[in-house]
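For the sequence shown, UniProt numbering assigns the number 1 to the initial residue and increments by one for each residue that follows.
Here's the structure, in structure tokens; my notes come after.
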Amino acid sequence: MNGKPVNPSNGAETAGLTGLLRCREEDTGRLQREQELQNGKFLGLERFYDREGRLARERRVNERGNSQGRVAEFWPNGQLRREELAENGRTQGPVRRFSEQGKLERLSFHGEGRELFYAEYNGAGQIMRLQCHAASVLPEDRKPCGFEGAVDTVLYTASGDKAAQMRYEQGRLLAATEWSAGGVLAAQQLRENGRRVHRQYTTEEGKAVLREERIYEADERALPDRRGLLAQTRRWGASGQLTEQRAYVAGREVLLERWYLNGALRERTALSGEGAAARILRELHDDEGQIARRERLTAEQQPTGVQQYYHPNGRLAREDTYGSPDAQGRTRLQARKEWDPDGQLQADDVLLEDGSRQRKAGGQLGS
């Protein structure tokens, strides 16, 4: 310091000193860091250098040793790499990141203890990723975020291909469309009747095929948010055939329908009632759409009431009757009827509590 050797780890040697302390590599003499001293305290400018003695980072520190004001990082060629403003060590305001060639790669704005806005750019200066705030925070966000009126902002890949189109108005995302690397529709987000709608597509033989749709109840959440109460979900196969549909009421699933890829109904499950009175009615079908089984269950998946099973020809094959749930929620098989494929009754039994059966008149033996 001031041409004299100083041990910065020894407070007695730095006490009362004011000026710029320079630390050098012992063997090469290359500068490693510079720190400003004010009356013996490290306060003010700090610079850090790489192994070749090139400036790598620069900032100013306050009495607490935290960054205060401009913080900058540099590429080995001296080009600015990153700069931000800090308030007692906390990032505040704009943050810019540059390529080694000096092109802006990322611009963001911090406030309220978080990142409010950001835009990332490719080498041609086209926006690749964008997040807008509810209010304009930088001149650069006014047009792409729709603060000058609703706008369709196109997002690009690093190579300059069109990747997405986002519709913004006053910082609010109204709709979004994404494309695959081949330019085929990959995803959509929009609002219909106040509800958020999310759709996902896959590419089949060069064409976009809708595979999944999620519809949320109307709320004030941001369009991309995957939280909130669901109203409906649907899934499709690669051929475009609807394979599953779920319906919700107040976020609770009340209906499930599934289909085979040939279009035949596979399952239909409906939920009614609440709490101990909740019941599940499920119908299962074969791949020709013919009813195979009809179940009535409690919320704990215990059978209750009449359960029906069918022959492949659609005729009733068996009917089981269960009682109401006991205090532990369990149910007991109380009666069973069986028919042959021609509809002739083969058995009509009452099931007793000890597991034995009592055959009613007309029920055939060997059933």
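Glycine included, each C-beta is placed from N, C-alpha and C at the ideal position.
Item to check | Beta-carbon proximity check, A163 vs L173, cutoff 8 Å | outcome: no
Item to check | Coil, strand or helix - P325 by DSSP | outcome: coil
Next on the checklist: For N66 and E46, I'd like the C-alpha separation in whole angstroms.
Outcome noted: 11 Å
Next on the checklist: Per the DSSP calculation, L104 is bridged to which residue(s)?
Outcome noted: F98
Next on the checklist: If you measure between the beta carbons of Q38 and T14, is that distance less than 8 Å?
Outcome noted: no
Item to check | Residues of its chain near V6, where Cβ-Cβ distance is below 7 Å and the 5 sequence neighbours each way are ignored | outcome: E13, T14 and L21
Checklist entry - When DSSP labels each residue in this structure, what does D141 get in the three-state scheme? => result helix
Checklist entry - In three-state terms, what does DSSP make of E353? => result coil
Checklist entry - Three-state secondary structure (DSSP) at G19? => result strand
Checklist entry - Three-state secondary structure (DSSP) at residue 368? => result Lying before the first or after the last residue shown, residue 368 is absent from the chain, which here runs from 1 to 367.
Next on the checklist: DSSP three-state label for T243, please.
Outcome noted: strand
Item to check | Cut-off 8 Å between Cβ atoms - residues of its own chain near E267, not counting five sequence neighbours on either side | outcome: L256, E257, R258, R282, E283, L284 and H285
Checklist entry - Can you round the beta-carbon distance between L230 and R211 to whole angstroms, since I take them to be within the 8 Å contact cut? => result About 17 Å; that fails the 8 Å criterion.
Checklist entry - Just how far apart, CA to CA, sit E288 and I280? => result 24 Å
Next on the checklist: Please report the straight-line C-alpha distance between G160 and Q232, rounded to a whole angstrom.
Outcome noted: 36 Å
Checklist entry - Just curious, the beta strand (DSSP E) that A164 is in, first and last residue? => result K162 to E169
Checklist entry - Should S324 be labelled buried (16 or more other beta-carbon atoms within 10 Å of its own) or exposed? => result exposed
Checklist entry - Which residues in the same chain have their Cβ closer than 6 Å to the Cβ of L175, if we skip the five residues on either side of it in sequence? => result It should be noted that the sequence gives Ala, not Leu, for residue 175. Correct list, in chain order: R167 and L190.
Item to check | Whole-number beta carbon distance between R57 and E73, since they are thought to touch under 8 Å | outcome: 5 Å
Checklist entry - Around the Cβ of A317, are there at least 16 other Cβ atoms within 10 angstroms (buried) or fewer (exposed)? => result buried
Checklist entry - Thinking just about the alpha-carbon of each residue, which of Y121, A135, N2 and P144 is nearest to the one in A158? => result Y121
Checklist entry - On the three-state DSSP scale, how would you describe L365? => result Reliability of the predicted coordinates at L365 is poor, the pLDDT of 43 falling under 50, and the value obtained from them is presented with this limitation in mind. Three-state DSSP puts L365 in coil, outside helix and strand.
Next on the checklist: Taking only three categories from DSSP, how would you classify E13?
Outcome noted: helix
Checklist entry - Which residues share a DSSP beta bridge with V71? => result E84
Next on the checklist: Once DSSP output is grouped into helix, strand and coil, what is the label at G44?
Outcome noted: strand
Checklist entry - Quick one: Cα of D225 to Cα of T269, how far? => result 28 Å
Next on the checklist: According to DSSP, is H275 part of a helix, a strand, or is it coil?
Outcome noted: Here residue 275 turns out to be Gly, not His, going by the sequence shown. Of the three classes helix, strand and coil, the one that applies to G275 here is helix, per DSSP.
Checklist entry - In three-state DSSP terms, what is L230? => result strand
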